[in-house]
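Visitor:
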Amino acid sequence: MGLLTGLTSEHALLLCGLAGLYYVAVTIANYARLRKFPGPRWTGISNWPHSRAMLAGNCHEWYAEVNRTHGPIARVAPTVLITSSPEVWMHVNNKPGYKRSDWYYNAARIEYRRDNVFSQTDNEKHEKRRKQMAPGYSGRENTHLEGSVDERLHDFLRLIRTKYLTTAKQVIALDMATKVQFFTLDVISTVGLGKAFGMLQADRDVDNYLQSSEEGLAIGNTALAMGFSFLTQAPIIGRFIAPSPKDNNGFGKMMSAAFRLVDERAASATDKRSDMLASFMRHGLAGDELRTEALEQIIAGSDTTAGAIRGALLHIMTNPRVYATLQREIDDAVKAGKAPPTGSGNLITAAQAKQLPYLQAVLAEALRVWPPVANIFPRDIPAGGDTVVVDGQEVFLPGGACIGYSAYAMHHSEAIHGKDADAFRPERWLEAAKEDPARLAAMVRANDLIFGHGKFQCLGKPVAQLEIGKTIFELLRNFDLALLNPTRPWRVQNYLGLFSISDMWVQVTERKAI
49 MGLLTGLTSE
59 HALLLCGLAG
69 LYYVAVTIAN
79 YARLRKFPGP
89 RWTGISNWPH
99 SRAMLAGNCH
109 EWYAEVNRTH
119 GPIARVAPTV
129 LITSSPEVWM
139 HVNNKPGYKR
149 SDWYYNAARI
159 EYRRDNVFSQ
169 TDNEKHEKRR
179 KQMAPGYSGR
189 ENTHLEGSVD
199 ERLHDFLRLI
209 RTKYLTTAKQ
219 VIALDMATKV
229 QFFTLDVIST
239 VGLGKAFGML
249 QADRDVDNYL
259 QSSEEGLAIG
269 NTALAMGFSF
279 LTQAPIIGRF
289 IAPSPKDNNG
299 FGKMMSAAFR
309 LVDERAASAT
319 DKRSDMLASF
329 MRHGLAGDEL
339 RTEALEQIIA
349 GSDTTAGAIR
359 GALLHIMTNP
369 RVYATLQREI
379 DDAVKAGKAP
389 PTGSGNLITA
399 AQAKQLPYLQ
409 AVLAEALRVW
419 PPVANIFPRD
429 IPAGGDTVVV
439 DGQEVFLPGG
449 ACIGYSAYAM
459 HHSEAIHGKD
469 ADAFRPERWL
479 EAAKEDPARL
489 AAMVRANDLI
499 FGHGKFQCLG
509 KPVAQLEIGK
519 TIFELLRNFD
529 LALLNPTRPW
539 RVQNYLGLFS
549 ISDMWVQVTE
559 RKAI
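Residue 49 is where the sequence shown starts when you use our numbering, and the numbers rise one by one after that.
1) List the endpoints of the continuous beta strand (DSSP E) containing Ile121.
2) Would you identify the three-state DSSP class for Gly349, choosing helix, strand or coil?
3) For the region 322 to 381, which segments carrying the beta strand (DSSP E) assignment without a break, of at least 3 residues, lie completely within its bounds, in sequence order?
4) Apart from the five residues just before and just after Tyr111, which ones in its own chain have a Cβ nearer than 6 Å to its Cβ?
5) So, helix, strand or coil for Ile516, using DSSP?
6) For Ser550, write down the residues that DSSP places opposite it in a beta bridge.
7) Which residue or residues does DSSP assign as beta-bridge partners of Arg148?
8) In the DSSP assignment, find the beta strand (DSSP E) that holds Ala530 and state where it starts and stops.
9) For Leu51 and Tyr152, I'd like the C-alpha separation in whole angstroms.
10) Run the CB neighbour count on Thr352, radius 10 Å, all protein chains shown included, and call it buried at 16 or more, exposed below.
11) Does the Cβ-Cβ distance between Leu401 and Phe504 come in under 7 Å?
12) Between which two residues does the alpha helix (DSSP H) carrying Asp203 extend?
13) With a CB to CB cut of under 7 Å and the five nearest residues on each side skipped, what residues in its chain are close to Ala244?
14) Identify whether Cys506 lies in helix, strand or coil by the three-state DSSP scheme.
15) Is the CB-CB distance between Val556 and Leu222 below 7 Å?
16) With a cut-off of 8 Å, do at least 3 Cβ pairs link the region 79 to 89 to the region 121 to 130?
17) If distances are taken between C-alpha atoms only, which option among Thr366, Pro426, Lys179 and Pro419 comes closest to Met552?
18) How many angstroms separate the CA atom of Thr210 from the CA atom of Ile220?
19) Could you check how far apart the C-beta atoms of Ala409 and Arg116 are, in whole angstroms? I think they sit under 8 Å.
20) Given a cut-off of 7 Å on the beta-carbon distance, is the pair His459 and Pro430 in contact?
21) Considering only their Cβ atoms, is the gap separating Gly448 from Arg81 smaller than 7 Å?
22) State the Cα-Cα distance for the pair Tyr185 and Leu63, rounded to the nearest angstrom.
23) Below 8 Å, can you find three or more Cβ-Cβ pairs linking the region 311 to 323 to the region 241 to 260?
24) Do you know whose CA, among Pro405, Phe231, Leu546 and Pro426, lies nearest Val479's CA?
25) Pull up the distance between the alpha-carbon of Lys294 and that of Leu205, whole angstroms please.
26) When you compare the CB positions of Asn141 and His465, do they come within less than 7 Å of one another, or not?
27) Buried or exposed for Pro389, please, with buried defined as at least 16 other CB atoms from any protein chain shown within 10 angstroms of its CB.
28) For Ala155, count the other beta carbons within 10 Å of its own beta carbon; 16 or more makes it buried, fewer makes it exposed. Which is it?
29) What is the residue span of the alpha helix (DSSP H) that Phe499 lies within?
30) Taking only three categories from DSSP, how would you classify Leu445?
31) Please name the residue, chosen from Leu524, Gly385 and Gln259, that lies closest to Thr373 on a Cα-to-Cα basis.
32) Does the beta carbon of Leu248 sit closer than 7 Å to a beta carbon anywhere in chain B?
33) Shortest alpha-carbon distance to Leu213 belongs to which of Asn542, Ala530, Val417 and His363?
34) Is the beta carbon of Phe166 less than 7 Å from the beta carbon of Glu344?
35) Looking at the secondary structure, which residues open and close the alpha helix (DSSP H) in which Val417 lies?
36) Whose C-alpha, out of Ala315, Ala360 and Gly359, is nearest the C-alpha of Arg339?
Written as structure tokens, this is what we have:
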């Protein structure tokens, strides 16, 4: 027995020693592979600086600081690079051989070992799924898309007008962060599932959808930062950790509601509606695939669009010059018949909104200054490596590593947007259009990357743009908005690239009809 114990101890020591040597060898190899790329201290040998930024909820700011300090391609972890170059990021998203990185996108899965169009890392499967879903998102097979958005926007305006108008005698506080999320969830459930969740009509978080989403994103972000997100996908144990429709909280509760609506539609042979869900089914999605894509579009489509609307409103409200100029253009458009009369019951159309230059400049600037999705979204570099061009110089990216996107550094770049790139100034877009078409083209190319690029471009881009433009116009046409606490306008956390925003308290007063 003593001999057996001794042998076991010796074997254990040997195994520990071998494991330690293997760890050292891998660390040295990873360091050597990316040694020519600078980065913050310890990022060459440790994931902790990157993890700490994720846990702090401000990784987008950290990525920007890394690129500003260490250059347009810099190191943020032993095998992870980040770029602020639009040209490099477009190259990475266009060139065959790059793929989404498993370490990040597997953590973005909602269900156990089941991918959606966002989390899928196999390029062929991803492309096939995109082709099945693109017609539904584009509006070609969803002829009532804008009308559905209008219905929910009417609900939003009605909610404000009936419950949250401030008068000279009383200020009634409105949490714009929450109400905007109600609006975007009702929109995406209407156009995606054929039935609104009813947030705006109930004026509450029906079935705790918002709470569920935020809980799930926070848990997923922590798991990824700490390096144990793989457990949700591990054999056997993952089934007990990953969200389930049987859960009473987290993503599970939202999954249950979404799946129920999908199954009801799929089982109805007499339902002739032509919306996103119908389009998905016509193009071959069924069963679990249909359920998981419906769930993903609800979570991603509502959070990103809500982030864009809230970001635009915050920057408009805190810039009186911009506020006055935009509201004047809105009023002039109504007077000139370029938008429906106020009080007519009709909302501005997407086509009419696109013809208002200052509104479009405000929207472009708001997306630039506050990208609604801001995380690394890494791509694996091809095994044999690849050569990119940065500032006229060729740079070799070695295989075995990945490269991601630094949204804040790119969209706040002085080289692209001017010396005041950190400022919210919509006029830069109008100036460039008039004086420097080449500069405008560079600005537009960079801004387009907010919605992804090439085969990875966001399918929901047309829906989001439609919602954002109409909502900003109608809110400023009908109401005057002011922050209740300008010193702390909102609370915000970055979870897996999506912004969790709360406590955006405003006071709203009715404007007189033009």
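Even for Gly, the Cβ is constructed at its ideal location relative to N, Cα and C.
Guide: Put simply:
1) As a working mapping, residue 121 is identified with position 73 in the sequence shown. Segment Ile121 to Ala125, the beta strand (DSSP E) holding Ile121.
2) Here residue 349 refers to the residue found at position 301 of the sequence shown. Of the three classes helix, strand and coil, the one that applies to Gly349 here is helix, per DSSP.
3) none
4) If you number the sequence shown from 1, residue 111 lands on position 63. Result list for Tyr111: Ile130 and Ser454, in chain order.
5) Locating residue 516 in the sequence shown gives position 468, where the first residue counts as 1. Residue state, collapsed to three classes: helix.
6) Reading the sequence shown from its first residue, position 502 is the one you call residue 550. Beta-bridge pairing links Ser550 to Arg539.
7) Locating residue 148 in the sequence shown gives position 100, where the first residue counts as 1. In DSSP, Arg148 forms a bridge with Arg427.
8) As a position in the sequence shown, residue 530 is number 482, starting the count at 1. That run of the beta strand (DSSP E) goes Phe527 to Leu531.
9) Along the sequence shown, one-based indexing puts residue 51 at 3. Along the sequence shown, one-based indexing puts residue 152 at 104. Confidence at Leu51 is low in this model, with a pLDDT of 46, below 50, so the placement of that residue is unreliable and no value is reported for it.
10) The residue given as residue 352 occupies position 304 in the sequence shown. Thr352 should be labelled buried.
11) Translated into the one-based positions of the sequence shown, residue 401 becomes position 353. Translated into the one-based positions of the sequence shown, residue 504 becomes position 456. In the sequence under discussion, the amino acid at residue 401 is Ala, which differs from the Leu named in the question. No, the pair does not count as a contact, with Cβ atoms beyond the cut-off.
12) Indexing the sequence shown from 1 puts residue 203 at position 155. Start and end: Leu193 to Lys211.
13) The sequence position of residue 244 within the sequence shown is 196, counting from 1. Closer than 7 Å at the Cβ level, and outside the excluded window around Ala244, lie Arg200, Asp234, Ser237 and Thr238.
14) One-based indexing of the sequence shown puts residue 506 at position 458. Looking at Cys506 - three-state DSSP - the assignment turns out to be coil, as it is neither helix nor strand.
15) Position 508 of the sequence shown, counting from 1, holds the residue named residue 556. Position 174 of the sequence shown, counting from 1, holds the residue named residue 222. Contact flag set, yes.
16) yes
17) To locate residue 552, count along the sequence shown from 1; it is residue 504. Taking only the C-alpha atoms, the option nearest Met552 is Thr366.
18) Within the sequence shown, numbered from 1, the residue matching residue 210 stands at position 162. Within the sequence shown, numbered from 1, the residue matching residue 220 stands at position 172. So the alpha carbons of these two residues sit roughly 11 Å apart.
19) Within the sequence shown, residue 409 is the residue found at index 361, counting from 1. Within the sequence shown, residue 116 is the residue found at index 68, counting from 1. With 8 Å as the limit, Ala409 and Arg116 do not qualify as a contact, their Cβ atoms being about 26 Å apart.
20) Counting from 1 along the sequence shown, the entry for residue 459 is found at position 411. Counting from 1 along the sequence shown, the entry for residue 430 is found at position 382. No. Outside cutoff.
21) Translated into the one-based positions of the sequence shown, residue 81 becomes position 33. Translated into the one-based positions of the sequence shown, residue 448 becomes position 400. Yes, they are a contact pair.
22) Numbered from its first residue, the sequence shown carries residue 185 at position 137. Numbered from its first residue, the sequence shown carries residue 63 at position 15. Roughly 54 Å separates the two Cα atoms.
23) yes
24) In the sequence shown, residue 479 corresponds to position 431, counting from 1. Note on residue identity: the sequence assigns Glu, not Val, to residue 479. When each option's Cα is compared against that of Glu479, the closest is Pro405.
25) Here the question's residue 294 lines up with position 246 in the sequence shown. Here the question's residue 205 lines up with position 157 in the sequence shown. About 35 Å.
26) Working through the sequence shown from its first residue, we reach residue 141 at position 93. Working through the sequence shown from its first residue, we reach residue 465 at position 417. Result no, Cβ atoms of Asn141 and His465 do not sit closer than 7 Å.
27) Locating residue 389 in the sequence shown gives position 341, counting from the first residue. Burial call: exposed.
28) Taking the sequence shown and counting its residues from 1, the one referred to as residue 155 is at position 107. When all chains shown are included, Ala155 counts as buried.
29) The residue you call residue 499 lines up with position 451 of the sequence shown. Careful: Phe499 lies outside any alpha helix (DSSP H) and carries neither H nor E.
30) Counting from 1 along the sequence shown, the entry for residue 445 is found at position 397. The answer is strand: DSSP assigns Leu445 an E or B state.
31) Taking the sequence shown and counting its residues from 1, the one referred to as residue 373 is at position 325. Of the listed residues, the one whose Cα sits closest to Thr373 is Leu524.
32) Given the protein chain composition of this structure (a single chain), no chain B is represented.
33) Residue numbering aside, residue 213 sits at position 165 when the sequence shown is read from its first letter. It is Ala530.
34) Residue 166 sits at position 118 when you count from the first residue of the sequence shown. Residue 344 sits at position 296 when you count from the first residue of the sequence shown. Their beta carbons are under 7 Å apart, which means Phe166 touches Glu344 by this criterion.
35) The residue labelled residue 417 in the question sits at position 369 within the sequence shown. Run containing Val417: Pro405 to Val417, per the alpha helix (DSSP H) assignment.
36) Numbered from 1 along the sequence shown, position 291 holds the residue referred to as residue 339. The candidate whose alpha carbon is nearest that of Arg339 is Ala315.
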